[in-house]
Structure formats: C-alpha cells, structure tokens
Amino acid sequence: MSSIPAIAVISSTDRRSRADARHDAWFRRLLKVCALLVLAALLGAALSTLWGGREVLFGQGLHFLTSADWNPVTDTYGALAPIFGTLVTSLIALVLAVPLSFGIALFLTEIAPTWLRGPVATAIELLASIPSIIYGMWGLFVFVPFMARVEPGLSATLGRIPLLGKLFEGPPIGLGLLTAGIVLAVMILPFISSVMREVFQTVPNRLKESSYALGSTTWEVVWDIVLPYTRSAVIGGIFLGLGRALGETMAVTFVLGNAYNITSSLLMPGTSISSSIANEFNEAVGTHRSALIALGFLLFVVTFVVLLISRLMLRRLAKREGA
Amino acid sequence: MAVDVYVRRRAINVAAMLLSGLAAAVGLVFLIWILWITVKNGLSALDLKLFTRITAYADEGGLANAIVGSLVMDMLALAICAPIGVLAGTFLAEYANRTKLGAVIRFLNDILLSAPSIVLGLFVYVIVVLPMSNLTHGAVSFSGLAGAIALALIGLPVIVRTTDEMLQLVPGTLREAALSLGIPQWKLTTQVLMRAAISGIVTGVLLALARLAGETAPLLFTAFGNNFMVANPLDKMASIPVAIYQYTNDPNPALHAIAWAGALLITLFVLLLSLCARWYLHRHRVTHD
Amino acid sequence: MTTMNRNKLRLLALATTLALGIGAAHATDITGAGSSFVYPVISKWSAAYAEKTGNRVNYQSIGSGGGIAQIKAGTVDFGASDMPLDEATLDKFGLGQFPDVIGGIVPAYNIAGIAPGKLVLDGQVLAKIFLGQITNWSDPAIAALNPDIALPSAKITVVHRSDGSGTSFNVTNYLSKVSADWKSKVGEGTAVKWPVGIGGKGNEGVSAYVKQIPNSIGYVEYAYAVQNKLGYARMKNAAGKVVSPETASFQAAAATADWSHAKNFNLLMTNAPGTDAWPITATSWVIMYKQPKNVANSKVAFDFFRYAYDDGKAAATALDYVPLPASLVTQIEGYWKTEFKQ
Chain A
1 MSSIPAIAVI
11 SSTDRRSRAD
21 ARHDAWFRRL
31 LKVCALLVLA
41 ALLGAALSTL
51 WGGREVLFGQ
61 GLHFLTSADW
71 NPVTDTYGAL
81 APIFGTLVTS
91 LIALVLAVPL
101 SFGIALFLTE
111 IAPTWLRGPV
121 ATAIELLASI
131 PSIIYGMWGL
141 FVFVPFMARV
151 EPGLSATLGR
161 IPLLGKLFEG
171 PPIGLGLLTA
181 GIVLAVMILP
191 FISSVMREVF
201 QTVPNRLKES
211 SYALGSTTWE
221 VVWDIVLPYT
231 RSAVIGGIFL
241 GLGRALGETM
251 AVTFVLGNAY
261 NITSSLLMPG
271 TSISSSIANE
281 FNEAVGTHRS
291 ALIALGFLLF
301 VVTFVVLLIS
311 RLMLRRLAKR
321 EGA
Chain B
324 MAVDVYVRRR
334 AINVAAMLLS
344 GLAAAVGLVF
354 LIWILWITVK
364 NGLSALDLKL
374 FTRITAYADE
384 GGLANAIVGS
394 LVMDMLALAI
404 CAPIGVLAGT
414 FLAEYANRTK
424 LGAVIRFLND
434 ILLSAPSIVL
444 GLFVYVIVVL
454 PMSNLTHGAV
464 SFSGLAGAIA
474 LALIGLPVIV
484 RTTDEMLQLV
494 PGTLREAALS
504 LGIPQWKLTT
514 QVLMRAAISG
524 IVTGVLLALA
534 RLAGETAPLL
544 FTAFGNNFMV
554 ANPLDKMASI
564 PVAIYQYTND
574 PNPALHAIAW
584 AGALLITLFV
594 LLLSLCARWY
604 LHRHRVTHD
Chain C
613 MTTMNRNKLR
623 LLALATTLAL
633 GIGAAHATDI
643 TGAGSSFVYP
653 VISKWSAAYA
663 EKTGNRVNYQ
673 SIGSGGGIAQ
683 IKAGTVDFGA
693 SDMPLDEATL
703 DKFGLGQFPD
713 VIGGIVPAYN
723 IAGIAPGKLV
733 LDGQVLAKIF
743 LGQITNWSDP
753 AIAALNPDIA
763 LPSAKITVVH
773 RSDGSGTSFN
783 VTNYLSKVSA
793 DWKSKVGEGT
803 AVKWPVGIGG
813 KGNEGVSAYV
823 KQIPNSIGYV
833 EYAYAVQNKL
843 GYARMKNAAG
853 KVVSPETASF
863 QAAAATADWS
873 HAKNFNLLMT
883 NAPGTDAWPI
893 TATSWVIMYK
903 QPKNVANSKV
913 AFDFFRYAYD
923 DGKAAATALD
933 YVPLPASLVT
943 QIEGYWKTEF
953 KQ
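So the protein sequences, as listed, match chains A, B and C. When we follow my numbering, the leftmost residue of the first sequence carries the number 1, and every step to the right adds one. When we follow my numbering, the leftmost residue of the second sequence carries the number 324, and every step to the right adds one. When we follow my numbering, the leftmost residue of the third sequence carries the number 613, and every step to the right adds one.
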C-alpha cells in the first residue's frame, strides 16, 4: 500500500466511488422497476378487464347492473343475479363471521389462559391457509348433505316466523345461498379475528387497568374501553373479510347451485360473479365474453373500494397509536 | 337494587365469556372438521398409483401429471415472483419508506394481496394467453407459463410485504455503521441488510408458495389442463388444484377418492409451509426484540 | 452468494427449463376441447391411440359452448360440439365440421324406490317439469304416464347445465319441437335462461348433482347415467311408443337421418319419426379449421378420428354410443379431402 503514490490512491477511490454511484443508480432503478411492476399488475388487471368488458359496460351502461335477464339465447346479459348472489352470500358470511371473530378475539386476548392463546390463535389462522378448493370439496361432499338435513328444521322453525320466514322457504337440497354464505363465513373468520386480536392487543394497559380498578368486569372493559378504542381498526378488519368473501370463487361455485335466480329465500340456489366467470368464461364468445369480463371488472372495483375502506380504517388506529 | 345490578353485570360477563369461548370452539370445530375429513378420505385413497398414473376419465386415474404440472408451475411462479417481490419490497423499505410513491405502492400491494384471484386469471388470459396464441399462430396458447404468471401475481404481494416489513425491522444502527465505512448503498442493501433480514424474506417466499400452491381459479383460463404428462411450460398443463376441481365435479366415487388424496397432498403441503414460515418468523422476531 | 447472483441463477434455470421443455416435446401432442357428451368415449380413444401411435390427444371436457369458443379463438386444434354450426358461421371463421359419434340423452332422476328405466315421461311432461309448471312428483300428468308406480309426493329439483352445452342444445331443441310453450318461453341453445333449477358443470356436474340430491331430475348423456347408476326415464317418442334408451333405439333414430343431403353434416335427430326411435338422440361434431395454422397437428387430428371410426368402434359400443355407419364415414372422408387442407 505504502509504495503506491498518493495521487493514484485518490484517483482509484475516486473511480471507485464513481462506479459505486453508477451502480447505486442502476440498483435503485432496478428496484424501482420491480416496485412499479406491482403497480402495473394492479392497473393492468383493472384496465384489461375494463377494456375486455367495454362492449357491455359502455354499450349497456347502467342497464347491465339493473337487469336480471341473463339470457345467452337472446344474447342479453344483465348482471343483477350474480351481483345479488355475491352480495347476499358475503352478507351472510359477515353476519356470521363478525360476532364469531369478535368472540374469538375476546377469548384470545382476555379470557383464555396464556398458554392456550398461542396454539388456538395459530389454529384459527390455519383456517386461512387451507386452499379454497378444499373448502369447495368439503362444502359439496360434507357440508351440503349436512345442510340438507338441517334445512327442513330451519324451514319448520324459522320459516314460520312472519316476514323473516320468507328467508327460509324452499326445497331442502343443501345447496344454495345460505350454505355458500356459511362456507364463506368459515373462510373469512381467520382474517377478521386475527385483525381484531391484533388491534385489541394494542390497547394501552393503563386504560384497561384503570377500568378494572374501577370495578369493571372483563366484558365491560372490552365493550366500553377496548372496542371504542379500536373501533376503526375493527371495522377495517371486517371490510378486509368482506373483500375476501366478495372475490372467493372455488369455495362457493360447488355449493351455490349456479342458477341465475333472485329469490327471497336463502335456501334457494343462486350464482355469484366469480362463479359465473369460472363456469362460463371458457365457452363465452362475443357479447357473452364481454359481459363476463365486465363482471370481473365490477368485482375488481367493488373489492378495491372495500379494501380501500379497510386500509383507511386500519390506518386510523395505527396513526393514533403512533401519536 | 345495587345487588341486582351487580348480579346482572356478573351474569352478562359470564355469558360473554362463555360465548367467546364457544366462538373459539366453533372456529376450532370447523378447522378440525375440514382437516379430519380431508385426512380420513385422503389417507384411504392415498397409494402409489396416484403418483404413477395420469389423470383420466376412468376409475384407474391418477395424479402424476397434475403433480408434475403443479411442481413446474409453482416453481416457475416462484422464480418469477420471488426476485421481483424481494427487490420491490427492498425498494419500499430502503428507498421509498416515507415517500408518496412508496405509500401508494404499499397500498396497492395490499389490494393485490386480497384481489379476487379469478380476476387475475382473466388478466393473464388477456395479456399472455391471447397474445401468445396470436404470435405463435396457435402453437402456444394456454400454457403452464401463463398459469405460472397468474400464480406469480398471487405470490408477489406476499413477498413484497414480508420483505418490506422484515427490512424495516433491521435496526438503523446497522445501516449507519455500514454507510460510515463507505459501503455503497447497493452493497449495503444486498450484503448487509438482506443478510440480516434473510430469515424473514425466506418466510415471505414460503408463505407465497403456500398461498399460490393451492390456487385453482387463476389456472382455469391460463394453464387449461392436460390429460397427459408434460413438463414443457409452453404446453397446456394439469395441476393438482384443477384436477381436484374436475374430479370433484364428477359423479364417479373413484374419482372423488383421487380428489381427496390430491386434497390431502395439497393441504398438508400448504399447512406445513405455513407452519414452517410461522415458526421461522417467530424465531426471527424473538431475536430482534 | 448475493441475491443478485441468485436471481441470475433463477433466470438461467427458467431459461433452461423452457429450452429443455421445448426439446423434450413429444411426437405430436394435440389438444381438443368441448363437449362433455363425448368425453367418456374420446377419453378411451385417446388413451388407446396414444398407446398405438405415441401421438397424444389431450381432450378437455369444458362443454360444447367452450369447444366452439376455443376453436374460434384458435387456442385448440379441434373443438367438439353437440350443436352443429350453421353455414354462415362456418364460412365466416373458415371452419369445417363432421360427426364423430352418435349417442342418446336421457332424463336422469333420483327418486327413492324407482329403479332405472321404470319411470316413463313424454316431451310435454318433461317440458312442464323444466318450465317449473310441474313441481311435484305426484303430479297427475306424471301419474297418468306411470299408472303402475307409486310416485312420492315430493318437490322436484330440476338440474340443468351451468355451462354452454350441446346436451342442453339437443334437449332444448327437442322440447321446443314438442312444446310450443317451451319454444316461446325459453327456446333452444347451448345455454338458455332456465326458469327453475340448479346448474351443474358438464354432464359430470349434472350427474353428480342428480346423484346427490333426492327427488331431482336432470338430463345426461346415456353413458353417464349407466356408469353412475342413475335412474333414467323411458320416453314416449314421436310415434307415440314408449322406448327405452339403448343402442337399438339410438340406432333406430340414427337410421332416419339422411346424411347424404345434409350440408356440413348439419342434421339433428331429436324427435326422430321412427317407431322405435329414441326421441333425444344426438350427434357430436368435430370442428376444425379448413386452413389450419398448424398442419401437422391437424393431420394427427384426422388420423385420430380415422382411428376412432375403425378401431374405436368397440369402445364406443361398450359405452352405449352408436358408431357412425360405414356410408357416413366414407362421406366424411370425402369431405376431409375436398374441404380441408391436409
């Protein structure tokens, strides 16, 4: 080292640092391109479905959303039945999954002994890892026959209640909106409950302890302190689950019945946006194909909005925490 | 009166606690129910023929070509999404942590994470299958490659997110120490930070694999299906999830049995991966606390 | 090793996989898709043909509607459909079509205590069931046709196809012929707007639902009903005779067909006039490009079907399909020569 003239050292480090700067710039560019790919994938999915569905979306406009007439013979396509099926099954899923998730989160953060919390939480979250096709199989082979045995009971009891009873009329075949909704509920349970559990844990201990010190019961602490504190994030978690439920395909397509129906009874078969696409896309040409891609676009936009709400709500809590 | 209120409060509390325990039990019941059915039906159908015979519309069908197809497509998908995802996650954590662009991409990545997979399948059909078919005059249309690209879109956001999160966990002192030695940013990132976060990044890749290996919907319009053994990703390709879908749709109980065996394989694979990833992550977090 | 190097390695691995894959391509692999009506027999033919020649015919049962769509899109080498395309469509896309096999479609039911072949239906009653006008098995219209059977008082669950289907086309075509009500309210097509019922994907899906759901009725290709031990109805045909679905009655219907005057083999056999004819007998067609993008694949496809017409007869008969008569095969081979670039 000492034998090298000082000037050479300077120029070589200089060259090296210039090379480093160049490499840095390239590296940065490479990373940026990769990150932009994420953006491109999402925009691409939105734009390509918008483009593919343009004939129906712009040709029919609102009529596409409000018409229930899905008739390949006359080549007219109204999306109301699949939209109806998607919304109803997702709603059933939420109605069932939200209280259950809340219970699970409560159990895991306040009630269960500490040694039990980890394993139970992991087990519940494993529900999220089971591939949706397995839910579909289990749904068709196990849960549908189970529901076929339960449904006559539902019709005989709940079906007798005026007004509400309308929801439980129909042939007890096990397939239908209710069954699909329940399968979806099981699928989204882990998503909602893990968000709830995580945000419940963020509630400062001093808040809870102050309340306990005033003589509150566990339930009162959760209902009056924990829930209000985490409200926005809980709503965010619920919307996250809703986003999942809306887009699910394989789990519902076997148990939904694939019929373009709009009925008042939850025991009747229906269809959903995603299962219509799965069933018909490979055979669709012309307007039919355009209508299915338009359905895909619709699904994309709706889930986008739902997930957007979810993120904003979740961020609200994160911000407060940071402050 | 006061006693009444007290009793009521106690009663509500006990009821709430019981109900919450019940909720947890319901969740566990469904998990055990699904797993038990899968294991029971899957085990009784699991035999060597599954791995030596190809899918067929007959009692003597197997899954050999579907297993190979799934392996090829899953590995290809990982080869596509792992480097892109790791680099994109690095960009978010190291270069765009507090920028608008970073916030936007992070948000869109979260959306992609929950986007309906069937729509991603439609997207790949439009941007890969149709153009390929036009370019090659129909010689290549539906293909394992298209399937892999669709799966990569499922895995990508998982990797981006975990890489981003894991790099953020790396203490800033490490960066400062390295930078003060005059190490260029790219070397710092690839040789110091990524090494520090490697276990987290591996977790992300495992989770991504677990996520994409079970996907069916994006493959329907991209890989299509094949009743023969092919390893060429430019061919139409079978996969375990799609084979399960087709067999489940069939009335033949012999095919149902094969579907259950496939379901067992894929469920075990996916659950083991997620458990491994969880365990890995846990260990990692502990060391950083 | 740095991540960068690892990425390069991965890319390299990707490239080699692709290259190896191309190199290892088989003798000739061709792909067909469409009709689930013919799937059982094509599946058998394909396995035997691969054994004999090494050429592999990958057939995906995605429904006739799917077969038509995919051949139009040029993503498969041949499409299979139980609905013939009209001349205008064929000309527009440069497609040709020819029959591969004839078979029967049967109403399939799942009623406890009523064995296969016991129930008798006619076109009118079938139309009313599928229109949702007859909703109970004990309906007098069904009882009148089945004086000797104790029909249960149970709600009927109708099972139809959820995908575009040539089987649906033949059934709806038949119902349109026998019921004016059906013709005006629903009409015919590979996919129609079903007034009632649940949808199963493919003949497979319909069979599965009928098998699983008590008191259901659907319609499937005969082989599906037999293989899955579903109940299937006898039908009163156009001549007013009650016939069973079997090779003889399918053949009787096929015998009424005058193929020599049917341009592009566009001929339907529903509601055939013969006294012993099965009323919902259907042909399945193969649809291919006359100027194929890939001539080699097209050649293999012709070779495959030539094999099916000769060596495949036994397999077809074993599955209760009717192999094409020799005169028709000669006519088809002539059609290949004049219409297709080989």
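Beta carbons are placed, not taken as given, at the ideal position from N, Cα and C, and that holds for glycine. Here the structure is a predicted model, which is why all the values come from computation and not from measurement.
- Contact of Trp70 (chain A) with chain C is assigned, a C-beta pair being separated by under 8 Å.
- Between Ala584 (chain B) and Leu373 (chain B), the gap from beta carbon to beta carbon is short of 8 Å.
- The straight-line gap separating the alpha-carbon atoms of Val150 (chain A) and Val822 (chain C) is approximately 20 Å.
- Taking all protein chains shown into account, Ile293 (chain A) has 16 or more neighbouring C-beta atoms within 10 Å of its C-beta and is therefore buried.
- In the three-state scheme derived from DSSP, where H, G and I count as helix and E and B as strand, Phe592 (chain B) is classed as helix.
- Look at the beta carbons and you see the region 752-764 of chain C not touching the region 775-783 of chain C: under three pairs across the two are nearer than 8 Å.
- Within the same chain, and ignoring the five residues on either side of Ile567 (chain B) in sequence, the residues whose Cβ sits closer than 7 Å to its Cβ are Ala582, Gly585 and Ala586.
- Only exposed fits Thr868 (chain C), as fewer than 16 other CB atoms lie within 10 angstroms of its CB.
- Of C:Asp922, C:Thr893, C:Glu858 and C:Leu842, the smallest CA-CA separation from Pro728 (chain C) is found for C:Leu842.
- Cα atoms of Ile173 (chain A) and Ser774 (chain C): separation of roughly 17 Å, rounded to the nearest angstrom.
- Using a Cβ distance threshold of 8 Å, Gly408 (chain B) and Leu479 (chain B) count as a contacting pair.
- For the set A:Ala148, A:Val252 and A:Ile238, the Cα lying nearest the Cα of Phe191 (chain A) is the one of A:Ile238.
- A contact is defined here as three or more CB-CB pairs under 8 Å, and the region 667-678 of chain C meets this definition with respect to the region 537-550 of chain B.
- Pro269 (chain A) and Gly176 (chain A) do touch by the CB rule: their CB atoms are close to 5 Å apart, below 8 Å.
- The Cβ neighbour count for Asp698 (chain C), taken over all protein chains shown within 10 Å, is under 16; the residue is labelled exposed.
- Here Pro99 (chain A) is exposed. Its C-beta has fewer than 16 other C-beta atoms within 10 Å.
- Met196 (chain A) is outside the set of residues whose beta carbon lies under 8 Å from a beta carbon in chain B.
- Close to Thr122 (chain A), with beta-carbon spacing below 7 Å, are these residues of chain B in chain order: Arg601.
- Membership of Thr157 (chain A) in the alpha helix (DSSP H) is indicated by the continuous run Val144 to Thr157.
- Using a Cβ distance threshold of 8 Å, Ile680 (chain C) and Ser693 (chain C) count as a contacting pair.
- The Cβ-Cβ distance between Leu394 (chain B) and Val528 (chain B) does not fall below 8 Å.
- Around the beta carbon of Asp870 (chain C), fewer than 16 other beta carbons lie within 10 angstroms, which makes this residue exposed.
- Close to chain B, meaning a Cβ-Cβ distance shorter than 7 Å, are the following residues of the region 31-45 of chain A: Leu31, Lys32, Cys34, Ala35, Leu37, Val38, Leu39, Ala41, Leu42, Gly44 and Ala45.
- Under the DSSP definition of a beta bridge, Lys848 (chain C) partners with C:Asp734 and C:Val854.
- With contacts defined by Cβ atoms closer than 8 Å, Ser456 (chain B) and Gly686 (chain C) form a contacting pair.
- Under the DSSP assignment, Phe254 (chain A) falls outside any alpha helix (DSSP H); it carries neither an H nor an E label.
- For Arg773 (chain C), the enclosing beta strand (DSSP E) stretches over residues Thr769 to Arg773.
- Leu707 (chain C) carries a strand assignment under DSSP once its states are collapsed to helix, strand and coil.
- Within 9 Å of the CB of Lys949 (chain C), no CB atom of chain B is found; the nearest one sits about 23 Å away.
- Counting of Cβ neighbours within 10 angstroms places Val483 (chain B) among the buried residues, the total reaching 16 or more.
- A straight-line Cα-Cα distance of about 11 Å links Leu543 (chain B) and Lys559 (chain B).
- Cβ contact annotation for Gly85 (chain A) (same chain, cutoff 6 Å, sequence separation greater than five): Gly270, Thr271 and Ser272, in chain order.
- Between Ser48 (chain A) and Ile450 (chain B), the gap from beta carbon to beta carbon is short of 8 Å.
- A Cβ-Cβ separation of about 5 Å places Ala469 (chain B) in contact with Val452 (chain B) under the 8 Å criterion.
- In terms of Cβ geometry, Asp14 (chain A) and Gln508 (chain B) do not form a close pair [threshold 8 Å].
- In the structure shown, the three-state DSSP call for Asp751 (chain C) is coil.
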